[in-house]
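Read through the structure below, which is laid out as C-alpha cells, and then see the notes.
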Amino acid sequence: MPNMDGLVNMPRTKRGVATLNNILSAAAHVFFEKGYHQASIHDITSLAGVAAGTFYIYFDGKYNLYRFLLLQCSHRIRRNLYKSIQDCKTRREAERVGIKSWLQFVRSNQYMYHIIWESLYVDKQLFVDYYVNFCNSYRLGLDAAFGAGELREIDTEVLAYTLMGASNFLGLNWGLFRENNSDEELERVTNEFMKILEGGVFQPEDSAEHKPMPKKEPEETIPNTRFRIELDEEDSFI
3 MPNMDGLVNM
13 PRTKRGVATL
23 NNILSAAAHV
33 FFEKGYHQAS
43 IHDITSLAGV
53 AAGTFYIYFD
63 GKYNLYRFLL
73 LQCSHRIRRN
83 LYKSIQDCKT
93 RREAERVGIK
103 SWLQFVRSNQ
113 YMYHIIWESL
123 YVDKQLFVDY
133 YVNFCNSYRL
143 GLDAAFGAGE
153 LREIDTEVLA
163 YTLMGASNFL
173 GLNWGLFREN
183 NSDEELERVT
193 NEFMKILEGG
203 VFQPEDSAEH
213 KPMPKKEPEE
223 TIPNTRFRIE
233 LDEEDSFI
C-alpha cells in the first residue's frame with residue numbers, strides 16, 4: 003500500500019477505505035471524549051468495530067494516527083474556507099463569508115478543537131507548525147488585498163494572527179460552549195465581528211460621545227459592628 007508521509011498506509015480498495023474511515027471516526031470520537039493521553043487503541047478499535055490487528059494495517063501506533071487526524075483537520079478547514087470564499091470579489095467580503103462559514107463548520111465538527119489544541123501537549127512542534135503554516139497561508143490573501151489597495155498599511159503577520167485569534171474564540175464560544183446555534187444567531191455574530199473590522203472599537207477621543215472615565219476615590223468601608231473604636235491624636239502611641 004502507498005505511504006502518506008509515513009503516517010498511514012492508504013488502502014487500495016473501497017472496503018479498505020471504509021474501514022479506515024471507521025477507524026478515523028472512532029478515533030475522533032474517543033479523542034474528543036477522553037483526550038489523547040487517556041485514549042487507547044483498544045478504545046478506538048472497539049468503537050470502530052475492528053480487530054486490533056486491523057488497526058496496525060493502517061497505522062503503526064496512536065501517535066501517527068493522531069498526526070494524521072491533525073493533518074486532516076487542517077486540510078478540511080482550509081478546503082471548507084477556500085470553497086466558501088472562492089467567489090468573493092473583495093477581502094472584506096471574504097472575511098465576512100469566511101467567518102460565517104467557519105462558525106457553521108465548527109457547529110458540526112467540534113472535535114477539531116480538541117485535536118488541534120491538544121497537540122500543544124502531545125507534541126508542541128505540531129501545534130507551532132499548525133498555526134505558523136495556517137498564518138503563512140492566510141497572509142497570502144491579506145498581502146494580495148494590501149497590494150490591491152484594500153487594506154491600510156498593517157503588518158499582515160500581526161493582522162493574520164489577530165483574525166485567527168478572533169475566529170478561534172468566536173468558534174469556541176458559538177461552537178463548543180454554546181451548541182446548536184441557529185443560522186440567524188451565527189449571522190448576528192458575523193455582523194458584530196464585521197463591525198469591529200470595519201469601524202473599530204473605540205470612539206474618537208475628540209468625539210462628543212467620548213468622555214474620560216472620572217476618577218473615583220475609594221470609599222471607606224466601615225464594618226457593621228456592635229462597637230466602634232476610632233483612634234485619635236490623643237492616643238499616646240500615635
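Per the numbering used here: the sequence shown ends with 240, consecutive numbering throughout.
Even for Gly, the Cβ is constructed at its ideal location relative to N, Cα and C.
Since the model is a prediction, treat every value here as computed from it, not as a measurement.
Other residues of its chain near residue i: CB distance less than 8 Å, five sequence neighbours each side excluded
i	result
G143	R93 and A96
E207	none
E155	F148
Cβ shell of residue i (< 7 Å), same chain only, five flanking positions each side left out
i	result
D145	T158
M3	Residue confidence is low: M3 scores 37 on pLDDT, short of 50, so the model does not pin down where it sits. No coordinate-derived value is stated.
I118	L72, C75 and Y132
I43	A54, F57 and K64
L67	A29 and F61
Proximal residues to residue i (C-beta, below 6 Å), its chain only, five neighbours per side dropped
i	result
Y113	A30 and F34
L22	P13 and Y60
Supposed close pair residue i, residue j - CB separation, criterion 8 Å
i	j	result
L128	F70	About 11 Å separates the two Cβ atoms, so there is no contact after all.
R109	N183	6 Å
Contact check, residue i vs residue j, beta carbons under 8 Å
i	j	result
K102	L174	no
I46	A28	yes
A41	I25	no
N178	Y123	Checking the sequence shown, residue 178 turns out to be Leu, not Asn. Not closer than 8 Å, so no.
A309	R141	The structure shown does not extend to residue 309, since the chain is modelled only from 3 to 240, so the question has no answer here.
E98	M166	The residue asked about is misnamed: residue 98 is Arg in this sequence, not Glu. No. Outside cutoff.
Y38	E152	no
S139	R81	no
S169	W104	yes
- Message: Using a Cβ distance threshold of 8 Å, determine whether the segment 79–90 contacts the segment 59–68, with at least three qualifying pairs required.
- Response: no
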